[in-house]
Amino acid sequence: MAHLRSPLTGLTRRSVLATGAAALATPMLSRRAFAAATELTMLAWYGHAEPDMVAEFEAQNNVKFVPKYYTGGDNMLGLISQSPPGTFDIILSDAEYVQQLNAAGYIDELDPADYHFDEYFPEFQQFPGHWLDGKLFSVMARFGFLGVAYNTDALTEAEASTYNVFWDPKLTGKVGHFDWHLPNLGQISLLNGNPIPYDIDEAAWEAVKDKTMTLRPQVGGFFDYGGTFSSLNDGQMLAFAGIGDWITGTLEKNGAKVRSIIPEEGGLQWTESWSIGKGSSKADLAKKWIQYATSAQGQAKSANMAAYPALIPNQKGWEVLNAENPAEAKRQGMVIGQSNVMDMIRSGKIQFRQLPIQQDLETWNDFWSDYKGA
Amino acid sequence: MRRHLSLYGLTFSLPLLIWQLVFFVFPLCFLVALSFWTVRNFAMRPDFDTVNWVTMYGRKVFWQAYATTFALAAVASVLTSVLAFPCSYAIAFKMSDRARRWAVFLMVIPFFTSYLVRVYSWQIFLSDAGILNVLFGWVGLGPYGMLNTVGATMIGYLTLSFPLVVLLQLFSLVFIDRTLIEAAHNLRCGRLRTVFAVIIPSARVGLVIAALFCFILSFGDFVSPVYLGGGDPTTLSILITDTTKSGQQWPRAAVIALTMIGTLMVVAFLSVRFAYKGRNA
């Protein structure tokens, strides 16, 4: 009888141990061959440290981003104030909070020569709040407009082109609010004809409150980030106050019948910018990231960010976007040589979203709670 | 006779004591201290100022939210208890041992999935173009506005607490002395009367504790009022997020949180006292 050699016959305890040791050592070898990636901590809105945004930079610089995502400027300030200095290397902030970051000493001064300001539209080269006494503290990265978001099956563009549409009887119970007082009350302030919606005297503030209260019976709900997406996507809310293309753009690209429009009374502008956290031990790498993110290539990528699209302040970035993704450039109104979003800003139709100037932030916030509870 | 502390006793009781101190007493003390701090320009400052208490307790919206939250949690407790009782009764008295084990297992399964995910999935059923309205449409009814209503919030509370309430009720029902039930039947007591005169009083502790858990879970819940109720009406949990969302008003949020803790303590104390009333310790 032929002797059949079992496949396991050759295995001895020694060979098993040797193979096991070699297998265990393999990661060590590869770790020696490739130096461990440097970790860079980022405090930002959701999406900024996802692969579509950072994979290229991570590969080029052997960096690994460690993100901490926040929802809203107050949440961001809270996270920073509760963390030891140097916790966050890179901080993304909305414009109205840069001053707060600076006043609290959470961010470092930057050298304007390090960044591509010469490629920026003139309006964005000295953005208010990012500079203090001629010193730069934050580099503008993206912006967007807030207007009327609407379901295109329920409303025509003409109907949605005024904030008054929120009071339309056919929208009773179908008007949603993004649950943050600043954009919502700013829009009512624009509707009331205040040229600078956040710089209003007591009489104008009372008028804004009165007008807002009349909207309450129309309101179907107050939604956070996730709730805003789902209620617009499934048609539960047919019109939305306090948001813009940063929500509807993402939904529209995925086939939902929603869109945002800047109404005749004007729109608000949100702005995001990059800063370096004070105490960061990797400030050079953080600077390199900001240079990358504000370069023409990085900007084109940022305009089409998967989490939420945005407009970009870098003119060269517009050129790259138009070359690489003309459909998105057209959708967002960033086509050079045609009527585009810069015309809207230059015509005075857009006002910055900012903290209230003549009232306390608490006063606005307290009214918002009263409105919700009414 | 006076009890002496032994090393054996300390070994088992100290970890619990330390746990309670570190994760309950210290945070609670910090929360009390925080409620007296002040906020200037987004920065919290250690202080001893009653301004947060005076401001929050002076606001109509706070008391509206308090009443709403209390009423919703109370209705949820009653509703859940009433709906859960036939279920736990059937499992305790009508099923074989094997079927009972399966029923308990099935009641545990909902806890495998995140509550947030379960609540989000309800949106697919309840929205205007959702599954329920499509079904209603087939028989010529609707559509009904179900999402973003108080009713939808209540469904969320049931999702949160129904399995737990069934399990707690069940554990008290299975330990009822069966001879009492037999005695009631021998004395010509009808089935329904047996339930109300014998079973419910015998299982009172478990039933009250189950309802109490439902109240506690619903009173502090944030997910259902926001994702099924559309954030309207404002509950205390929503008011906490509103308060912290703007201007870093954590001290005011601490006032709301402490009021909630105080309320739950009073409710828990009264419930337990009612549950054990007339019993020997």
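Chains as they are written, first to last, in this note's numbering: chain A, 4 to 377; chain B, 18 to 298.
Every residue, glycine too, gets a C-beta built ideally from N, C-alpha and C.
Beta bridge counterpart(s) of residue i as assigned by DSSP
| i | result |
| --- | --- |
| B/His202 | Answer by DSSP bridge pairing: none, since B/His202 is not bridged. |
| A/Asp363 | In the DSSP output, where bridge partners are listed per residue, A/Asp363 has none listed. |
| A/Phe243 | A/Ala152, A/Gly179 |
| A/Leu139 | A/Leu113, A/Trp134 |
| A/Tyr123 | A/Asn317 |
| A/Ala47 | A/Tyr72 |
| B/Thr55 | B/Arg62 |
| A/Ile94 | A/Leu46, A/Ser278 |
Residue range of the alpha helix (DSSP H) that includes residue i
| i | result |
| --- | --- |
| A/Asn355 | In the sequence on display, residue 355 of chain A carries Phe and not Asn. It is not in any alpha helix (DSSP H) - A/Phe355 instead sits in the beta strand (DSSP E) that spans 353-355. |
| B/Phe230 | 221-237 |
| A/Glu99 | 98-106 |
| B/Gly154 | 148-155 |
| A/Ala116 | No alpha helix (DSSP H) holds A/Ala116; DSSP gives it neither H nor E. |
| A/Lys67 | Careful: A/Lys67 lies outside any alpha helix (DSSP H), inside the beta strand (DSSP E) at 66-73. |
| B/Thr72 | 68-74 |
| A/Thr165 | Premise fails: A/Thr165 is in no alpha helix (DSSP H) and is neither H nor E. |
| B/Met171 | 167-190 |
Residue interval of the beta strand (DSSP E) (run including residue i)
| i | result |
| --- | --- |
| A/His180 | 178-181 |
| B/Met61 | 60-62 |
| A/Ile279 | 270-279 |
| A/Arg262 | 261-264 |
| A/Tyr201 | Where A/Tyr201 is concerned, there is no enclosing beta strand (DSSP E), given that its DSSP letter is neither H nor E. |
| B/Phe291 | That residue, B/Phe291, is in no beta strand (DSSP E); its alpha helix (DSSP H) goes 267-292. |
| B/Arg115 | Here B/Arg115 belongs to no beta strand (DSSP E); instead the alpha helix (DSSP H) covers 114-125. |
| A/Val222 | 222-226 |
Contacts of residue i in chain A (Cβ-Cβ under 9 Å)
| i | result |
| --- | --- |
| B/Pro250 | Lys375, Gly376 |
| B/Leu197 | Within chain A, no residue comes near B/Leu197; the closest Cβ sits about 50 Å away, beyond 9 Å. |
| B/Leu256 | Ser372, Lys375, Gly376 |
For residue j and residue i, believed in contact at Cβ under 8 Å, the rounded distance
| i | j | result |
| --- | --- | --- |
| A/Ala299 | A/Asn317 | 6 Å |
| A/Leu193 | A/Glu268 | 5 Å |
| A/Ala313 | A/Gly76 | About 16 Å; that fails the 8 Å criterion. |
| B/Phe232 | B/Ala84 | Contact doesn't hold; Cβ gap of about 15 Å is too wide. |
| A/Lys260 | A/Asp171 | Contact doesn't hold; Cβ gap of about 18 Å is too wide. |
| B/Leu177 | B/Leu234 | 5 Å |
| A/Gln190 | A/Leu149 | 7 Å |
| B/Phe53 | B/Asp66 | 6 Å |
| A/Leu80 | B/Phe59 | 5 Å |
Buried or exposed by the 16-neighbour rule on C-beta atoms within 10 Å, applied to residue i
| i | result |
| --- | --- |
| B/Arg269 | buried |
| B/Leu229 | buried |
| A/Ala371 | According to the sequence shown, residue 371 of chain A is Trp rather than Ala. Buried, since its Cβ has 16 or more Cβ neighbours within 10 Å. |
| B/Val39 | exposed |
| A/Val57 | buried |
| A/Asn236 | buried |
| A/Asp248 | buried |
| B/Leu294 | The displayed chain sequence assigns Lys, not Leu, to residue 294 of chain B. Result: exposed. |
| A/Gly224 | buried |
| B/Ser138 | exposed |
| A/Leu32 | At A/Leu32, the pLDDT of 47 sits below 50, so the modelled position is not reliable and the matter cannot be decided from this model. |
| B/Val95 | exposed |
| A/Arg409 | Beyond the ends of chain A as shown, which are 4 and 377, falls residue 409 of chain A; an answer cannot be given. |
| B/Met171 | buried |
| A/Leu364 | buried |
| B/Leu33 | exposed |
| B/His202 | exposed |
Under 7 Å from the C-beta of residue i: neighbouring residues of chain A
| i | result |
| --- | --- |
| B/Val78 | Ser372, Asp373, Gly376 |
| B/Asp145 | Gly238, Gln239 |
| B/Val240 | Neighbours of B/Val240 on chain A: none; closest Cβ ~11 Å, over 7 Å. |
| B/Tyr244 | Gly230 |
| B/Leu177 | Going along chain A, no residue has its Cβ under 7 Å from B/Leu177, so there is no contact; the nearest lies around 18 Å. |
| B/Gly162 | Gly176 |
| B/Asp64 | Chain A residues near B/Asp64: none, gap ~16 Å exceeds 7 Å. |
Contact list for residue i against chain B, beta-carbon separation under 7 Å
| i | result |
| --- | --- |
| A/Asp221 | Note that residue 221 of chain A corresponds to Gln in the displayed sequence, not to Asp. Under the 7 Å cutoff, chain B gives no residues; its nearest Cβ is about 12 Å from A/Gln221. |
| A/Asp182 | Gly248 |
| A/Gly224 | Asn165, Gly247, Gly248, Asp249 |
| A/Leu135 | Ordered by position in chain B, no residue passes the 7 Å Cβ test against A/Leu135, which lies about 15 Å from the chain. |
| A/Leu46 | Chain B residues near A/Leu46: none, gap ~15 Å exceeds 7 Å. |
Chain-ordered neighbours of residue i on chain A, where CB pairs are closer than 8 Å
| i | result |
| --- | --- |
| B/Gln265 | Asp77, Leu80, Gly81, Ser84 |
| B/Ala82 | Gly376 |
| B/Asn203 | Those within 8 Å of B/Asn203 in chain A number zero; the least Cβ separation is about 57 Å. |
Cβ-heavy atom distance, residue i to the ligand HEM, below 7 Å
| i | result |
| --- | --- |
| A/Ala163 | The model depicted lacks the ligand HEM and carries no ligand whatsoever. |
Neighbour flag for residue i against chain D, beta carbons, 8 Å
| i | result |
| --- | --- |
| B/Lys294 | In the structure shown, chain D does not exist; the protein chains are A and B. |
Neighbour list for residue i in chain B, Cβ cutoff strictly below 9 Å
| i | result |
| --- | --- |
| A/Trp292 | Within chain B, no residue comes near A/Trp292; the closest Cβ sits about 26 Å away, beyond 9 Å. |
| A/Ser233 | Tyr137, Gln140, Ser144, Tyr244 |
Chain B contact residues for residue i, given Cβ-Cβ distances below 8 Å
| i | result |
| --- | --- |
| A/Glu99 | Result: empty, since nearest Cβ-Cβ is about 11 Å, beyond 8 Å. |
| A/Asn64 | Within 8 Å Cβ-Cβ: nothing; A/Asn64 doesn't reach chain B, min ~33 Å. |
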